[in-house]
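Taking the UniProt record's numbering, the leading residue of the sequence shown gets 1, the next gets one more, and so forth. The beta carbon of each residue, even a glycine, is placed where N, CA and C say it ideally should be. These numbers were taken from a predicted model, which means no experiment stands behind them.
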Amino acid sequence: MRAFPGERMLGNASEGTPLPDSTAETPPMISRAEAVAFALVALLVIVIVGVLYLARAFFLPITMAFIVGTMLSPAASLLERYRIPRALGAVLIVVAVGAAVSFMVGLIASPVMEWSSRLPELGAILKEKLHVFDRLPMLWQELQSMVGGPDTLASLQLPKFEWVQPTLEFVSPTFAEFLLFIATLILFIASWKDLRRGLVMTFSDRAARLRTLRILNEVETHLGNYLLTVTMINVGIGIVTGAICAATGMPNPAGLGALAATLNFIPIIGPVAMFVVLVVVGIISAPTIGAGLFAPACFAAVTFMEGHFVTPTIVGRRLSLNALAVFLALAFWTWLWGPMGAFLSSPLLIVALIVKEHLMPDNSPQLPED
Numbered sequence: 001m002r003a004f005p006g007e008r009m010l011g012n013a014s015e016g017t018p019l020p021d022s023t024a025e026t027p028p029m030i031s032r033a034e035a036v037a038f039a040l041v042a043l044l045v046i047v048i049v050g051v052l053y054l055a056r057a058f059f060l061p062i063t064m065a066f067i068v069g070t071m072l073s074p075a076a077s078l079l080e081r082y083r084i085p086r087a088l089g090a091v092l093i094v095v096a097v098g099a100a101v102s103f104m105v106g107l108i109a110s111p112v113m114e115w116s117s118r119l120p121e122l123g124a125i126l127k128e129k130l131h132v133f134d135r136l137p138m139l140w141q142e143l144q145s146m147v148g149g150p151d152t153l154a155s156l157q158l159p160k161f162e163w164v165q166p167t168l169e170f171v172s173p174t175f176a177e178f179l180l181f182i183a184t185l186i187l188f189i190a191s192w193k194d195l196r197r198g199l200v201m202t203f204s205d206r207a208a209r210l211r212t213l214r215i216l217n218e219v220e221t222h223l224g225n226y227l228l229t230v231t232m233i234n235v236g237i238g239i240v241t242g243a244i245c246a247a248t249g250m251p252n253p254a255g256l257g258a259l260a261a262t263l264n265f266i267p268i269i270g271p272v273a274m275f276v277v278l279v280v281v282g283i284i285s286a287p288t289i290g291a292g293l294f295a296p297a298c299f300a301a302v303t304f305m306e307g308h309f310v311t312p313t314i315v316g317r318r319l320s321l322n323a324l325a326v327f328l329a330l331a332f333w334t335w336l337w338g339p340m341g342a343f344l345s346s347p348l349l350i351v352a353l354i355v356k357e358h359l360m361p362d363n364s365p366q367l368p369e370d
């Protein structure tokens with residue numbers, strides 16, 4: 001029997017029965033329901049980000065209080081062991097932390113106010129020290145004239161300081177935001193045990209309750225250890241920076257050390273900003289440019305050792321953070337909430353990783369190592 005086109009034979013060609021080819025189509029890789037669900041999730045994320053950005057005056061102090069309060073909760077539990085009521089312990093902890101922050105701000109504010117009153121004089125000194133680079137613009141102008149390009153440097157003007165006031169308004173919180181942060185922080189620390197119990201008892205399933213309790217305990221432990229470890233490391237960075245500034249003859253080494261310790265709480269951006277400050281202060285105060293760059297070079301070496309060896313060795317034992325994830329979290333939260341968002345980027349990343357590990361555990365087989 002001869003098979004027509006579009007048919008295929010089964011068994012023996014002489015005895016088989018022709019059957020039409022299967023017309024069943026393979027299902028699509030992504031169904032319509034999955035695409036709709038993905039689009040809804042994307043829209044939800046966009047709406048949440050927009051709300052967090054537009055209402056940052058409310059959400060930033062609240063989130064800051066929750067994260068800092070979770071970090072300080074172990075201290076309140078420690079005070080409870082010595083028969084100090086948790087509410088009183090919360091007030092004492094906030095007062096102690098506020099006193100430490102005020103002390104650091106006082107060390108930093110004194111030289112900043114002194115130097116800000118001498119800006120014209122310091123600008124003239126800096127311009128005089130950098131006169132050795134005056135030949136570079138002249139060479140550029142000669143090169144532009146040789147190739148016939150426009151003389152762009154002829155209309156070059158020094159930047160104005162109109163950005164100072166908007167920057168200060170962006171960096172410093174308002175008084176209402178500060179009060180909201182302090183009140184929320186005290187109440188959160190004082191009622192953290194009740195809040196944790198309420199979150200756990202929200203679920204009726206025993207497995208869900210145990211999972212929630214593990215997440216909360218791990219978040220509290222990791223954030224407390226992170227704050228303690230990073231604070232000790234940054235204090236060490238501040239002491240070493242102050243010693244370097246004192247040894248190189250830079251003015252107000254205590255203030256520069258306090259500034260280095262404070263800025264080091266902000267990953268990546270803080271050390272870079274401190275390096276720029278040391279370069280400017282070193283060039284102005286030192287007799288030569290080479291001598292002025294010695295302290296920034298030592299600071300760069302210290303922060304390189306701290307960032308690549310000390311912090312990963314200590315913090316990485318508790319929770320490994322991918323460098324790319326840290327950078328992306330820093331960029332996102334800095335764009336969303338400014339400097340306070342930069343401070344919160346690593347703690348929020350730690351919380352997200354802990355929640356992800358408990359809710360979506362990785363049970364797939366691991367790839368072999370190279």
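query, result
"From Gly69, Thr231, Met340, residue whose alpha carbon lies closest to that of Met104", "Thr231"
"Coarse secondary structure for Lys193, derived from DSSP in three states", "helix"
"Separation of Phe343 from Thr167, as counted between CA atoms", "Because Thr167 carries a pLDDT of 49, less than 50, the predicted location of this residue cannot be relied on, and no value is offered for it."
"Status (buried if at least 16 other CB within 10 Å, exposed otherwise) for Ser102", "exposed"
"Endpoints, the alpha helix (DSSP H) within which Gly307 is located", "Element bounds for Gly307: n/a, residue is neither H nor E."
"Span of the alpha helix (DSSP H) around Pro267", "Per DSSP, Pro267 belongs to no alpha helix (DSSP H) and is neither H nor E."
"Contact between the stretch 212 to 226 and the stretch 238 to 252 (3+ Cβ pairs under 8 Å)", "no"
"Exposed unless 16 or more other CB atoms sit within 10 angstroms - verdict on His308", "exposed"
"Stretch-stretch touch, CB-based, cutoff 8 Å, three pairs: the stretch 177 to 189 with the stretch 64 to 76", "yes"
"Inter-residue spacing [alpha-carbon to alpha-carbon] between Glu114 and Ala323", "38 Å"
"Buried or exposed (CB count within 10 angstroms, at least 16 for buried), Ala76", "buried"
"Check: Gly236 C-beta below 7 Å from any heavy atom of the ligand MN", "The ligand MN is absent from the structure shown, which contains no ligand whatsoever."
"Cβ pair count under 8 Å reaching 3, the stretch 196 to 204 against the stretch 39 to 47", "no"
"Contact check, Pro267 vs Ser191, beta carbons under 8 Å", "no"
"Leu349 and Ala331 closer than 8 Å at C-beta", "no"
"CB-CB length for Ile189 against Ile93, believed under 8 Å", "6 Å"
"Reduced DSSP secondary structure (H/G/I, E/B, other) of Ala35", "helix"
"Under 8 Å between C-beta atoms of Pro296 and Val279", "yes"
"Proximity to Phe265 [Cα-Cα], best of Ile284, Gly238, Val112, Ile289", "Gly238"
"Residues near Phe203 by beta carbon distance below 7 Å, same chain, minus five either side", "Arg209, Thr212"
"Pair within 8 Å by beta-carbon distance, Gly290 and Leu107", "no"
"DSSP state of Asn234 mapped onto helix, strand, coil", "helix"
"Cβ pair Trp337, Leu54 closer than 8 Å", "no"
"Proximity winner among Val200, Asp205, Cys298, Val310, relative to Asn234 (alpha-carbon distances)", "Val310"
"Proximity to Ala301 [Cα-Cα], best of Ala109, Val91, Pro339, Ile244", "Ile244"
"Three-state class that DSSP yields for Arg86 in the structure shown", "helix"
"Beta-carbon spacing of Val277, Leu259 below 8 Å", "yes"
"Closest Cα partner of Ala100 within the set Ala352, Thr262, Trp333", "Thr262"
"Simplified DSSP state of Pro61, which is helix, strand or coil", "helix"
"Classification of Met64 by the beta-carbon crowding that lies within 10 angstroms, buried from 16 upward", "buried"
"Residue closest to Glu177, alpha-carbon to alpha-carbon, out of Glu34, Arg56, Arg83", "Arg56"
"Three-state class that DSSP yields for Gln157 in the structure shown", "At Gln157, the pLDDT of 46 sits below 50, so the modelled position is not reliable; the number obtained from the coordinates is stated separately. The answer is coil: DSSP assigns Gln157 none of H, G, I, E or B."
"Distance CB(Gly224)-CB(Pro74) smaller than 8 Å", "yes"
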